[in-house]
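Engineer: A single structure is presented below for examination.
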Amino acid sequence: MTATAGVAEVVEASSERLERREQRRFLALLLPALLTLAVLFVYPLLGIFFRSVHKTAFTLEFYRQVFRTPVYLLVIGLTFRTAAVVTLICLLLGYPLAYVLANIRPRVARLLVIVVVLPFFTSIIVRTYAWMVLLGRNGIVNHYLTALGLVSAPLPLLYNQGGVLIGMTYVLLPFMVLTIWSVMRGIDPALTRAAHSLGASPGQAFRRIYLPLSLPGIAGGALLIFILSLGFFITPALMGGPSDVMIAMLIEREVEFTLNWSFASALAVILLVLTLAGFVAYNRVVRLARLFEERA
Amino acid sequence: MATPEGIRTGAEVRLQDLTKVYGAVVAVADVALTVAAGSFFTLLGPSGSGKTTTLMMVAGFVHPTRGQVFVDGTPVAGLPPQKRDLGMVFQSYAVFPHLTVAQNIAFPLEVRKTPAAVIRQRVGEALELVRLQGYDRRLPRQLSGGEQQRVALARALVFHPRVLLMDEPLGALDRKLRAHMQAELKRIQRYVHVTVIYVTHDQEEALTMSDGVAVMRDGRVEQVGPPAELYERPVSPFVADFVGESNFIGGTVVAAADGRARVRTDGGFEFWGTPVAALAAGQRVTAAIRPEKLLTDEAAAADLNRGRGVVCEVVYVGDATRYRVAVATAGTLTIKIQNRLAFRPYAVGDPVELAWDPSQTRLFQDGR
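Going down the list, the protein sequences come from chains F and P.
Residue numbering for the first sequence follows the numbering used here, beginning at 913 and increasing consecutively.
Residue numbering for the second sequence follows the numbering used here, beginning at 47 and increasing consecutively.
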């Protein structure tokens, strides 16, 4: 009795020691990444924050300037509106595509997923310039539209809000498709069949069963696209017009031309805070989504 | 479940030359069956035998290449699943994970635009039927496998279908729970008078639950009949092997008369058996004998087959013991003996006198 108790204690103690050693090993493996993040991410971020509230002494002047100047608020508003519209377009285009991917034969689906991911293999700048070649006044699209007599004069497809939306949707659509697809793949096809066997029409089965179950994918994809859109720079800079200024372009202008780094820092902090707010909302929804997950 | 509309009865289901071809693969070939109204009918077979495809054609999820399904004489092969009014329980239960138990069960009534008061009443009755009272607000992930199974069953019965289709519904449950659910299914089926078409690969489940069984193999029906007939009078070595267990002895017919045939093994051992179809002398046959029938105490009966062997292996299985007995001229046979008090078990090396009835020795002609 005492002997076995003694053995149990020894086993327990040694397993605890093992566990601690295990934890130390994980920490050691994490250390390089943590150090890199601290040096390259946390330190500059603190620097930006410090610069936004400090010039020669502590000041909130730069934030006051942002909130007092209508044009800056306009840009922030435009940034959010653009992000919302891009998110909506990506959802409308991405949901049906994800549905097809999740419901065709796996072999064909794998091939199509590669096609969806393929644009990631080239640089975003190259892809944006490619769109400019396609959409320009003398671009391929306008060339065929006029040649076919569909329009009398070339359409203004570039250097305006429309150009920004086309470019951003193109870049962000794969994220939406992949997020929704990953959720749809987890939906048991027997559920739709069950709905049919219980008397539901295809429309009823989709509305009552499939759509609610794919909602976590919609929510996750939408918030991901929205947050990514907020910080977009290259596409709106190259494909937008003079009035299509997004907050990231404003920051760049302050850093490059006016050299007002403190003001740029304040803008950056505002963008970061708004993005974090979006992320918190995202996290909430994803956690809610876990409620719906089927784990028998 | 109380039935306000009066007593319901199950529908008769008739499959007429039902065939499904996928490319070059024939999944189901010319299946013709009649399932009597209100009966419990099982499609039994190994995986790939076409039993599930057959069920899916009845349900409407698979379109037959050829053939027709009649429910009470009405052809339904052209109808989509939602227009067939057949209840179905899936292998994975397919309980809607985002709906509560009550919402799951109400679903078929809601899509039929049933008034809310009627839905409430019927859901209550269905919960009572499957003994899940008080579970109505739970979500499926809070339920055990057996409870999810009951929800699926209640949901499939709540709209009073006249036929209930079940695709290996008990496969995922452990042995004890499975036996319990088998009894529950039978109780519910008797109570609601529904025709059940049940798919399983478990021969024991098929024998204990069914009024009728169709044994399927390679897309075809090998034999149809009540459980006892399948077990006692299999029509092919496949059925003799798949339903229950059999000893197989190969040999040549040396004499045939009066519905009996005498068979001689290559080793020279001779015995009488009952041919499933007429045999002539010289034909190669395979004999099938159940392990529990190889040893009878009725030494007085004159026309028993007799043989002598030596025990070479003993396997204790609790209620019975299985002995592998080497018979010099007929190969090694398995015999199964109930472990009763009076019985003195054999040990390896013991001699055994075998004696069995020719009527329980099925003879199948080889190469057919």
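The beta carbon of each residue, even a glycine, is placed where N, CA and C say it ideally should be.
#1: Any C-beta of chain F sitting closer than 7 Å to the C-beta of ALA323 (chain P)?
#2: Using a 10 Å radius around the Cβ and a threshold of 16 neighbouring Cβ atoms, would you call ILE151 (chain P) buried or exposed?
#3: The alpha helix (DSSP H) with TYR237 (chain P) in it runs from where to where?
#4: Would MET47 (chain P) count as contacting chain F if we go by Cβ distances under 7 Å?
#5: Would you please verify whether the beta carbon of GLY1074 (chain F) is less than 7 Å from any beta carbon of chain P?
#6: In chain P, which residues lie less than 8 Å from ASP1100 (chain F) when you measure between Cβ atoms?
#7: If the cut is a Cβ gap below 7 Å, which residues of chain F does ALA105 (chain P) touch?
#8: So, VAL322 (chain P) versus VAL309 (chain P), is the Cβ gap smaller than 7 Å?
#9: What residues from the segment 222-240 of chain P come within 9 Å of chain F, judged by C-beta to C-beta, listed N to C?
#10: Taking VAL157 (chain P) as the query, report the chain F residues whose CB atoms sit under 9 Å from its CB, ordered along the chain.
#11: Determine the direct distance from the alpha carbon of THR999 (chain F) to that of LEU1024 (chain F), and round the result to whole angstroms.
#12: Given 8 Å as the limit, is there contact between the segment 1121-1139 of chain F and the segment 109-121 of chain P, that is, 3 or more CB pairs closer than that?
#13: Roughly how many angstroms lie between the CA atoms of PRO50 (chain P) and PRO1128 (chain F), to the nearest whole one?
#14: From GLY1133 (chain F) to HIS144 (chain P), what does the alpha carbon distance come to, in whole angstroms?
#15: With VAL1163 (chain F) and LEU1186 (chain F) assumed to form a contact (beta carbons below 8 Å), what rounded beta-carbon distance in angstroms separates them?
#16: I'd like to know whether the C-beta of HIS144 (chain P) is nearer than 7 Å to at least one C-beta of chain F.
#17: When you compare each of F:PHE970, F:ARG1165, F:LEU1070, F:ILE1130 to LEU1090 (chain F) by their alpha carbons, which one comes out closest?
#18: Taking one C-beta from the segment 196-214 of chain P and one from the segment 93-110 of chain P each time, how about it: are there three or more such pairs within less than 8 Å?
#19: According to the neighbour-count rule (16 or more other Cβ atoms, all chains shown, within 10 Å of its Cβ), is ALA969 (chain F) buried or exposed?
#20: Assign PHE1163 (chain F) to one of three DSSP states: helix, strand, or coil.
#21: Counting only Cβ-Cβ distances shorter than 8 Å, please list the residues of the segment 1120-1143 of chain F near chain C, keeping chain order.
#22: On a Cα-Cα basis, can you pick out the residue from P:PHE87, P:THR246, P:VAL122, P:ASP304 that is closest to ASP131 (chain P)?
#23: Closer than 7 Å, Cβ to any Cβ of chain F: which residues of the segment 196-213 of chain P, in chain order?
#24: Could you please tell me which residues of the segment 147-173 of chain P, in chain order, have their CB closer than 7 Å to any CB of chain F?
#25: Would DSSP call PRO1114 (chain F) helix, strand or coil?
#26: Which residues of the segment 953-978 of chain F have a Cβ closer than 7 Å to any Cβ of chain P? Give them in chain order.
#27: Looking at the strands, I want to know which residues DSSP matches up with VAL242 (chain P).
#28: So which residues of chain F does LEU132 (chain P) contact, with C-beta pairs closer than 8 Å?
#29: When you compare the CB positions of GLY265 (chain P) and VAL72 (chain P), do they come within less than 7 Å of one another, or not?
#30: Would you mind reading off the limits of the alpha helix (DSSP H) that contains GLN977 (chain F)?
#31: What three-state label does DSSP hand TYR304 (chain P) in the structure shown?
#32: Look at the alpha carbon of ALA202 (chain P) and the alpha carbon of LEU1004 (chain F), and state the distance between them as a whole number of angstroms.
Structural biologist: For this structure:
#1: Translated into positions along the second sequence, residue 323 (chain P) becomes position 277. For ALA323 (chain P), the answer is no, since every Cβ of chain F falls outside 7 Å of its Cβ.
#2: Along the second sequence, read from residue 1 onward, the residue named residue 151 (chain P) stands at position 105. Buried, since its Cβ has 16 or more Cβ neighbours within 10 Å.
#3: Position 191 of the second sequence, counting from 1, holds the residue named residue 237 (chain P). Start and end: 221-238.
#4: For the purposes of this step, residue 47 (chain P) is taken as residue 1 along the second sequence, with counting starting at 1. Its pLDDT being 45, under 50, MET47 (chain P) is placed unreliably in this model, and the value from its coordinates should be taken loosely. Closer than 7 Å: no.
#5: Position 162 of the first sequence, counted from the start, is the residue given in the question as residue 1074 (chain F). Chain P contact via Cβ: absent.
#6: What you label residue 1100 (chain F) is simply residue 188 of the first sequence in a count that begins at 1. What ASP1100 (chain F) touches in chain P: SER138, ALA140.
#7: Position 59 of the second sequence holds residue 105 (chain P). Simply SER1109.
#8: Position 276 of the second sequence, counting from 1, holds the residue named residue 322 (chain P). Position 263 of the second sequence, counting from 1, holds the residue named residue 309 (chain P). No, Cβ-Cβ distance for VAL322 (chain P) and VAL309 (chain P) is not below 7 Å.
#9: none
#10: Locating residue 157 (chain P) in the second sequence gives position 111, where the first residue counts as 1. Chain F residues near VAL157 (chain P): ALA1107, LEU1110, GLY1111, ALA1112, SER1113, GLN1116, ALA1117, ARG1120.
#11: For the purposes of this step, residue 1024 (chain F) is taken as the residue at position 112 of the first sequence. For the purposes of this step, residue 999 (chain F) is taken as the residue at position 87 of the first sequence. Taking the straight line joining both Cα atoms gives about 22 Å.
#12: no
#13: Within the second sequence, residue 50 (chain P) is the residue found at index 4, counting from 1. Within the first sequence, residue 1128 (chain F) is the residue found at index 216, counting from 1. With a pLDDT of 42 at PRO50 (chain P), under the threshold of 50, the modelled position of that residue is not reliable, and no figure is offered here.
#14: Residue 1133 (chain F) sits at position 221 when you count from the first residue of the first sequence. Residue 144 (chain P) sits at position 98 when you count from the first residue of the second sequence. Straight-line Cα distance between these residues: approximately 20 Å.
#15: Position 251 of the first sequence holds residue 1163 (chain F). Position 274 of the first sequence holds residue 1186 (chain F). In the sequence as presented, Val is not what sits at residue 1163 (chain F); that position holds Ile. At roughly 13 Å, the Cβ-Cβ gap does not stay under 8 Å, so ILE1163 (chain F) and LEU1186 (chain F) are not in contact.
#16: In the second sequence, residue 144 (chain P) corresponds to position 98, counting from 1. By this cut-off, HIS144 (chain P) is an interface position.
#17: Residue numbering aside, residue 1090 (chain F) sits at position 178 when the first sequence is read from its first letter. Ranked by Cα distance from LEU1090 (chain F), the first of F:PHE970, F:ARG1165, F:LEU1070, F:ILE1130 is F:ILE1130.
#18: Touching, yes, given that three or more Cβ pairs across the two stretches are closer than 8 Å.
#19: As a first step, residue 969 (chain F) must be located in the first sequence, where it is residue number 57. With fewer than 16 other Cβ atoms from the protein chains shown falling within 10 Å of its own Cβ, ALA969 (chain F) counts as exposed.
#20: Position 251 of the first sequence, counted from the first residue, corresponds to residue 1163 (chain F). Strictly speaking, residue 1163 (chain F) in this sequence is Ile, with Phe absent from that position. Helix.
#21: Here chain C cannot be found, since the structure's protein chains are F and P.
#22: As a working mapping, residue 131 (chain P) is identified with position 85 in the second sequence. Distances from the alpha-carbon of ASP131 (chain P) to those of P:PHE87, P:THR246, P:VAL122, P:ASP304 put P:VAL122 closest.
#23: ARG201, PHE205
#24: Taking 7 Å as the Cβ-Cβ cut-off against chain F, the residues of the segment 147-173 of chain P that qualify are PHE153, PRO154, VAL157, ARG158.
#25: The residue given as residue 1114 (chain F) occupies position 202 in the first sequence. In this structure, PRO1114 (chain F) counts as helix in the three-state DSSP scheme.
#26: none
#27: Start at 1 with the first residue of the second sequence, and residue 242 (chain P) comes out as number 196. BP columns for VAL242 (chain P) point to P:PHE86, P:LEU210.
#28: Working through the second sequence from its first residue, we reach residue 132 (chain P) at position 86. By Cβ distance, chain F contributes SER1109.
#29: Numbered from 1 along the second sequence, position 219 holds the residue referred to as residue 265 (chain P). Numbered from 1 along the second sequence, position 26 holds the residue referred to as residue 72 (chain P). Yes, the Cβ-Cβ distance between GLY265 (chain P) and VAL72 (chain P) is below 7 Å.
#30: Taking the first residue of the first sequence as position 1, residue 977 (chain F) is located at position 65. GLN977 (chain F): member of the alpha helix (DSSP H) spanning 973-980, first to last residue.
#31: If you number the second sequence from 1, residue 304 (chain P) lands on position 258. The question names Tyr, yet the displayed sequence has Asp at residue 304 (chain P). Coil at ASP304 (chain P), not helix or strand.
#32: Taking the first residue of the second sequence as position 1, residue 202 (chain P) is located at position 156. Taking the first residue of the first sequence as position 1, residue 1004 (chain F) is located at position 92. C-alpha separation (whole angstroms): 35 Å.
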